[in-house]
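Chains as they are written, first to last, in the working numbering: chain A, 1 to 157; chain B, 158 to 421. Ideal Cβ placement from N, Cα and C applies to all residues, glycine included. Keep in mind that this is a model prediction, so the values were computed, not measured. Written below as structure tokens is the structure these notes are about.
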């Protein structure tokens, strides 16, 4: 199988790694770049657990061909709050927005993409922003509340 | 056999290299899941041809590149009539990847944008430059080759076009069915009526019986009731995990009526 070099920015760090032909970005991040924060859920773009940001936009990393991130910037949950927890992480803890926790990395990245673009979203905009992320534990309300806590300044990093 | 990815500079190069064994990768939302499942092997072709990502408005239509995503449609004020349609596709992560070109080839339960394009009477321009009405394209899409752009007529008035998607999961779920209607008015009467259903056959299809009821008349609640009664005439909806053919036949007219009532 052909191996192709990919250079990209992972969070704040310049990275170079080899990708196999047809490898998706999720597998490439986890096995090639050693970032285990995006999770494998369904592998078919349904669950959102693998959500990462590519050039600031939320993407399902299981559906992105790894070689297409050449020269681009990828953000994952591992890059959130490296020194201390990010405001969203604080809010998720405060609101018990993670139960089993498997959806949490994807939820955090979808929420970050929203707040980066729209710092004061409405409840409806929050719901729309996480519409591509499934959570089978919380019933979503604690997650929505956590994101609104950050948006409305009740929780800061 | 493994997957072999080829990157081409232009769409034309990709079309020439496609052959009978190649699979073209657009946004990736459909092809990559096949790759992940091991269901698709062999040659995969892609291009980052910037021409594919252009939106070119003109007076009475908009030419949309096959690589334009749902998110790009939502960011384009000139395509406001397609915003409710683009928003009905997937969640935010799917919308930044899913393309107009990919949607034209998407099989049920995907392809909601194509339902709207069919109702608007779009023309599909292939990589070689050939143009054909979207009905013809949909009939032959297994062997049409790659698509370069879609020429989409603009509705003359905002209430002349409407779209509705029916799904069980809100706000993001696949279609039980979708329906779009384009009702141009000429002196109070409907001229050139086009109604399209998704999930009522192997590709998006026009509801020609309902169109015939509306054509040439003024839109009234009584006329809408008669069009709704004819909604599924000539259509053969599928049974699948989302709904049975019987259910689709029962509810198609109800949803068509609700859609047309918004256009009164």
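_Using 8 Å for Cβ pairs, my map puts residue 91 of chain A next to residue 150 of chain A. What's the rounded Cβ distance?_
The residue labelled residue 91 of chain A in the question sits at position 91 within the first chain. The residue labelled residue 150 of chain A in the question sits at position 150 within the first chain. Indeed they touch by this definition, with Cβ atoms about 5 Å apart.
*When the Cα atoms are used, what is the spatial distance from residue 30 of chain A to residue 121 of chain A?*
Position 30 of the first chain holds residue 30 of chain A. Position 121 of the first chain holds residue 121 of chain A. One C-alpha to the other measures close to 32 Å.
*Are the Cβ atoms of residue 53 of chain A and residue 112 of chain A separated by less than 8 Å?*
The count along the first chain starts at 1 and reaches residue 53 of chain A at position 53. The count along the first chain starts at 1 and reaches residue 112 of chain A at position 112. Against a cut-off of 8 Å, the Cβ pair of residue 112 of chain A and residue 53 of chain A comes out as a contact.
*Using 10 angstroms around the beta-carbon of residue 193 of chain B, count the other beta-carbons present and answer buried if the total reaches 16, otherwise exposed.*
Numbered from 1 along the second chain, position 36 holds the residue referred to as residue 193 of chain B. Its Cβ being crowded by 16 or more others within 10 Å, residue 193 of chain B is buried.
*Check each candidate in B:304, B:313, B:227 and B:248 and name the one with the smallest Cα separation from residue 131 of chain A.*
On the first chain, position 131 is the one that residue 131 of chain A refers to. When each option's Cα is compared against that of residue 131 of chain A, the closest is B:248.
*Distance CB(residue 100 of chain B)-CB(residue 393 of chain B) smaller than 8 Å*: Not covered by the structure: residue 100 of chain B. The range shown for chain B is 158 to 421.
*Mind checking the segment 35-62 of chain A against chain B and listing, in chain order, the residues whose C-beta falls within less than 7 Å of any C-beta there?*
43, 44, 45, 48, 51, 57, 58, 59, 60 and 62
*Can you grab the Cα-Cα spacing for the pair residue 48 of chain A / residue 41 of chain A, in whole Å?*
Locating residue 48 of chain A in the first chain gives position 48, where the first residue counts as 1. Locating residue 41 of chain A in the first chain gives position 41, where the first residue counts as 1. Distance between the alpha carbons of residue 48 of chain A and residue 41 of chain A is about 8 Å.
_Proximity winner among B:400, B:175 and B:200, relative to residue 284 of chain B (alpha-carbon distances)_ = Working through the second chain from its first residue, we reach residue 284 of chain B at position 127. Minimum Cα distance to residue 284 of chain B is reached at B:175.
*Any idea if residue 172 of chain B is buried or exposed, counting beta-carbon neighbours within 10 angstroms, 16 or more meaning buried?*
For this step, residue 172 of chain B is matched to residue 15 along the second chain. Counting Cβ neighbours within 10 Å, residue 172 of chain B comes out buried, since at least 16 surround it.
_What are the residues in the segment 75-106 of chain A lying within 7 Å of chain B by C-beta distance?_
Flagged: no residues at all.
*Mind listing which residues of the segment 248-272 of chain B have their C-beta closer than 9 Å to chain A's C-betas, in chain order?*
248, 249, 250, 251, 252, 253 and 254
*Measure the alpha-carbon distance for residue 155 of chain A versus residue 116 of chain A and round it to whole angstroms.*
The count along the first chain starts at 1 and reaches residue 155 of chain A at position 155. The count along the first chain starts at 1 and reaches residue 116 of chain A at position 116. One C-alpha to the other measures close to 16 Å.
*Under 7 Å Cβ-Cβ, which residues of chain A neighbour residue 329 of chain B?*
As a first step, residue 329 of chain B is located in the second chain; it is residue number 172 there, counting from the start. Going along chain A in sequence order, the residues near residue 329 of chain B (Cβ under 7 Å) are 131 and 132.
*Compare the C-beta of residue 230 of chain B against all C-beta atoms of chain A and say whether one is closer than 8 Å.*
Along the second chain, one-based indexing puts residue 230 of chain B at 73. So no, residue 230 of chain B is outside the interface.
*C-alpha distance - residue 289 of chain B paired with residue 297 of chain B, whole-angstrom precision*: By 1-based counting over the second chain, the position of residue 289 of chain B is 132. By 1-based counting over the second chain, the position of residue 297 of chain B is 140. Using only the alpha carbons, I get a separation of about 11 Å.
*For residue 17 of chain A, the first and last residue of its enclosing beta strand (DSSP E)*: Position 17 of the first chain, counting from 1, holds the residue named residue 17 of chain A. Taken as a continuous stretch (DSSP letters only), the beta strand (DSSP E) holding residue 17 of chain A covers 13-20.
*Taking the DSSP output, what are the residues bridged to residue 298 of chain B?*
Here residue 298 of chain B refers to the residue found at position 141 when the second chain is read from its first residue. According to DSSP, residue 298 of chain B bridges with nothing at all.
*Of the residues B:338, B:373, B:160 and B:349, which one's Cα is nearest the Cα of residue 388 of chain B?*
Residue numbering aside, residue 388 of chain B sits at position 231 when the second chain is read from its first letter. Closest by alpha carbon: B:338.
*Backbone secondary structure at residue 144 of chain A - three-state DSSP*: Counting from 1 along the first chain, the entry for residue 144 of chain A is found at position 144. Residue state, collapsed to three classes: helix.
_Going by DSSP in three states, residue 130 of chain A sits in which element: helix, strand or coil?_
As a working mapping, residue 130 of chain A is identified with position 130 in the first chain. Residue 130 of chain A: coil per DSSP, three-state reduction.
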